[in-house]
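According to full-length UniProt numbering, the sequence shown is numbered sequentially starting from 1.
Please read the structure below before turning to the comments.
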Amino acid sequence: MIIVSDKAKERILELRKEEGRTENENIRVSVKGGGCSGLMYDLNFDAQTTETDHVFEDKGIKIIVDRKSLLYLAGTTLEFSDGLNGKGFQFINPNASRTCGCGESFSV
């Protein structure tokens with residue numbers, strides 16, 4: 001399961017409206033190889049699911065995760081920061097043994 005913070009929920013709803021997306025377009029979170037720590041997060045809107053996807057809902061936000069990525073993301077919190085030290089979505093991942101300074105890549 002992925003937890004969505006209140007600020008992340010607000011920003012997702014704002015982006016959905018700004019980009020003219022429908023409520024059928026949910027958040028897809030996945031993990032891909034790359035980044036300075038070896039693995040990186042990918043976050044997009046997606047209206048499609050496959051039979052190997054898992055769909056979670058938190059605070060009214062549906063999140064789609066493929067089976068492979070789920071192993072790396074279990075228990076992760078999706079946060080949004082708009083402070084002086086950076087702006088954007090951040091992943092607070094209890095499975096990560098190391099993260100890079102930008103917070104977009106990690107290793108386990």
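Using N, Cα and C, we set each Cβ at its ideal position, and we do this for glycine too.
Coarse secondary structure for E14, derived from DSSP in three states: Residue 14 sits at position 14 when you count from the first residue of the sequence shown. It is helical.
Local conformation of K32 per DSSP, three classes: Within the sequence shown, residue 32 is the residue found at index 32, counting from 1. If DSSP states are grouped into helix, strand and coil, K32 belongs with the strands.
Cβ-based neighbour list, E57, same chain, cut-off 6 Å, excluding 5 preceding and 5 following: As a first step, residue 57 is located in the sequence shown; it is residue number 57 there, counting from the start. Cβ neighbours of E57 beyond the five flanking positions: none.
Pair within 8 Å by beta-carbon distance, T49 and R67: Residue 49 sits at position 49 when you count from the first residue of the sequence shown. Residue 67 sits at position 67 when you count from the first residue of the sequence shown. Not a contact, by the Cβ cut-off of 8 Å.
Buried or exposed by the 16-neighbour rule on C-beta atoms within 10 Å, applied to L26: Along the sequence shown, one-based indexing puts residue 26 at 26. The question names Leu, but residue 26 in the sequence shown is Asn. Buried, by the Cβ-count rule.
Backbone secondary structure at S81 - three-state DSSP: Taking the first residue of the sequence shown as position 1, residue 81 is located at position 81. In this structure, S81 counts as strand in the three-state DSSP scheme.
Straight-line gap, V55 to K32 (C-alpha atoms, nearest Å): One-based indexing of the sequence shown puts residue 55 at position 55. One-based indexing of the sequence shown puts residue 32 at position 32. Roughly 19 Å between the two C-alpha positions.
Residue span of the alpha helix (DSSP H) that contains K59, given as start and end: Along the sequence shown, one-based indexing puts residue 59 at 59. Careful: K59 lies outside any alpha helix (DSSP H) and carries neither H nor E.
Inter-residue spacing [alpha-carbon to alpha-carbon] between D46 and K62: Translated into positions along the sequence shown, residue 46 becomes position 46. Translated into positions along the sequence shown, residue 62 becomes position 62. Going from the Cα of D46 to the Cα of K62 covers about 10 Å.
Exposure of A74, with buried meaning 16 or more beta-carbon neighbours within 10 Å: For the purposes of this step, residue 74 is identified with residue 74 of the sequence shown, where counting begins at 1. Per the 10 Å Cβ criterion, exposed.
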